[in-house]
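Student:
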Amino acid sequence: MLKKGSLINFAACLLLLESVNSFLHCSKNKIATRLSVTQEDALEEVKPMSWMVPKGVKFGRLDRLQFLPEDNSMDDDGDDDQKVIVVTKAIGLNFADIFTVLGLYSAANKIRNGKNFVPGLEFSGIVKNDLHPFVKNDRVLGFTRFGAYSDCVKVPPVFLKKLPASWSFEQGASFIVQALTAWHGLVEIGGMPLVHKNEDRTKPYVVVVHSASGGVGLWASEIAARRGATVLGIVGSEEKFKVFNERILDLSPISRVMLRGNEKDFAKRLASELKNIRSLGEEHKDTDLSYLAETQRGADIVMESLGGKYFKASYESLNSNGALVTFGSTSYVSPGLGLDFIRLIYRYITRPRIDPGELPSRNLRICGFNLIYLTENTNELERELNECIKCLGNSDYPDLEKVTPPVIGEVFDFKTQAVTAMEKLKSGKTVGKIVLSNADNN
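Residue numbers -22 to -1, 1 to 420, in mature numbering (1 follows the signal peptide of the UniProt record, and there is no 0), belong to the letters of the sequence shown in order.
#1: Which residues bound the alpha helix (DSSP H) around W161?
#2: Starting from W197, trace the alpha helix (DSSP H) both ways and give me its first and last residue.
#3: Just the Cα atoms here: how many angstroms apart are R39 and D333?
#4: Helix, strand or coil, according to DSSP, for E216 in the structure here?
#5: Could you give the residue range of the beta strand (DSSP E) that holds K139?
#6: List the residues that DSSP assigns as beta-bridge partners of H188.
#7: With DSSP collapsed to three states, give me the class of L248.
#8: Does L196 pass the burial test, meaning 16 or more other C-beta atoms within 10 Å, or should it be called exposed?
#9: Within this structure, are the beta carbons of V155 and A190 separated by less than 9 Å?
#10: Consult DSSP for K132 and reduce its assignment to one of helix, strand or coil.
#11: Relative to the alpha-carbon of G192, which residue among K220, G206 and V173 has its alpha-carbon at the smallest distance?
#12: If you pair each beta-carbon of the stretch 277 to 285 with each one of the stretch 367 to 374, do three or more pairs fall below 8 Å?
#13: Alpha helix (DSSP H) containing S287: first to last residue?
#14: Decide if the stretch 385 to 397 is in contact with the stretch 201 to 217; the criterion is three or more beta carbon pairs, one per stretch, under 8 Å apart.
#15: In whole angstroms, give me the CA-to-CA distance for P26 and V65.
#16: Please go through the same chain and pick out, in chain order, the residues whose beta-carbon is closer than 6 Å to the beta-carbon of G34, but skip the five residues on each side of it.
#17: Tell me which same chain residues have a C-beta within less than 8 Å of the C-beta of G239, skipping the five on either side of it?
#18: Hey, could you find the ends of the beta strand (DSSP E) M281 is sitting in?
#19: Under a three-way DSSP split, which group does G410 fall into?
#20: Per DSSP, S102 forms a beta bridge with which residues?
#21: By Cβ distance, which residues of its chain are closer than 8 Å to G168, with the 5 residues on each side in sequence left out?
#22: Tell whether a beta-carbon distance below 9 Å holds between K132 and K242.
#23: Considering only their Cβ atoms, is the gap separating G103 from G120 smaller than 9 Å?
#24: Which value, in whole angstroms, describes the spacing of the CA atoms of D129 and N72?
#25: Among residues of its own chain, excluding the 5 on either side of L164, which ones have a beta-carbon nearer than 8 Å to its beta-carbon?
#26: Using the three-state DSSP reduction, which class does L229 fall into: helix, strand or coil?
#27: So, helix, strand or coil for G150, using DSSP?
#28: Given this structure, state the Cα-to-Cα distance separating Q149 from N297, to the nearest angstrom.
#29: Alpha carbon to alpha carbon, how far is M400 from D75?
#30: Assuming residue 500 contacts V136 under a Cβ cut-off of 8 Å, what Cβ separation, rounded to an integer in Å, is found between them?
#31: Terminal residues of the continuous beta strand (DSSP E) containing S28?
#32: Taking the Cβ atom as the reference point for each residue, do A143 and A417 lie within a distance shorter than 9 Å?
#33: At which residues does the alpha helix (DSSP H) containing M236 begin and terminate?
#34: With a Cβ-Cβ cutoff of 9 Å, do R117 and F147 count as a contact?
#35: Can you give the beta carbon distance from G406 to G214, rounded, assuming they're within the 8 Å contact cut?
#36: Any idea if H174 is buried or exposed, counting beta-carbon neighbours within 10 angstroms, 16 or more meaning buried?
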């Protein structure tokens, strides 16, 4: 039987234990609350950001892009379970990005539909979820139907390839769109055949490539050379000769590069270079493009991206059964952040016109395409990309490790220099690929 003093001590102990328990419970709730607030703050700090033209802001100038938190409105199709989440490390710039923000890209105008609009078609980065055949932390390069100017991109697996171990993220963001554009235009649309080495090399298959030191142009030149063609590359400045020669001459020693120059005498200079390729003598010094085409001494395919009189001369140079493939009209834009409307109107009024009746009589094809629509046929996209990689890697298997890495021109900071980078690309004074680096994005 407990004594009175012992009962008092026992009751005091119970009260003390209850007080301690109450204190610990209260402290636990406070700590949990503090942790919760800290987590929310952290999430707020790392919320993904994008360069976008906000809803309510019209396309028309590059500086209408704003760096704002992502809202995922562009890719909200309810199918996220079937998409790979990629944290971007680099974003590749394309002329389509510029045309998009200026309001000259019809595909972008169709899908904007009053939403925030994030430009960008290609990227590289690190996978954050498991979705066959990719697993978390895979290094990848990818293609998207707009939205690449973001910290985070969600795309179907078919739009991705694993980044070669020897490639940087910047190189990874410089491959898919431009290489696939070159392949699709030259082979799938233009119909360039494999030119076997045992054929008569005194009658070369000639592919003319405009902007041949740029992203698409350099890939088109390499694809043409690897498929047995002689390439006549056209560039905007003599500083760009070296890039073309280093990439192409080992594959096709008789290929040449020429300065584009002004439109007025372009046809004459193009004829002169075609005569040099075909080793025509002094007796042909006054021969023009029409005669070269009539005698099958002109161009077999032209990859054209400028428009204007450059387009007209390129068309006149085509041999029978030739093809002109146009994948842009960069002569419509001028340096700066916006549009020169006087220049734009003049270019539109004076744009080249083709007589349809001439096409069957000369047996020609005039082709144009927009690669963005290939995203609607993923089986075809995958097939073409694999064929392109096999060609560039000189392999029977699509192994990117065997492909010579892309040429990087300049690298700009993603968070602060996107508009500056686009303005530089718009100037036309670039060599290789312009890339935005997002290296510290996790």
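From the three backbone atoms N, C-alpha and C, an ideal C-beta is built for every residue, glycine too.
Tutor: So, from the data block:
#1: I154 to W161
#2: G193 to R204
#3: 35 Å
#4: helix
#5: L138 to K140
#6: I212
#7: helix
#8: buried
#9: no
#10: strand
#11: K220
#12: By the Cβ criterion, the stretch 277 to 285 is not in contact with the stretch 367 to 374, since fewer than three pairs of Cβ atoms, one from each stretch, lie closer than 8 Å.
#13: Before going further, note that residue 287 is Lys rather than Ser in the sequence given. Its alpha helix (DSSP H) spans residues G286 to E294.
#14: Touching, no, given that fewer than three Cβ pairs across the two stretches are closer than 8 Å.
#15: 9 Å
#16: none
#17: R247
#18: Its beta strand (DSSP E) spans residues A277 to E282.
#19: strand
#20: A68 and L119
#21: I279, M281, A301, V303, R343 and C345
#22: no
#23: Result yes, Cβ atoms of G120 and G103 sit closer than 9 Å.
#24: 18 Å
#25: M170, V185, A198, I201, A202, I279, M281 and V303
#26: coil
#27: Helix at G150.
#28: 36 Å
#29: Near 8 Å, if we compare the C-alpha coordinates of D75 and M400.
#30: Because the chain is modelled from -22 through 420, residue 500 falls outside the range shown and cannot be assessed.
#31: In this chain, the beta strand (DSSP E) harbouring S28 covers M27 to M30.
#32: no
#33: Per DSSP, M236 belongs to no alpha helix (DSSP H); it is in the beta strand (DSSP E), R234 to L237.
#34: yes
#35: 6 Å
#36: exposed
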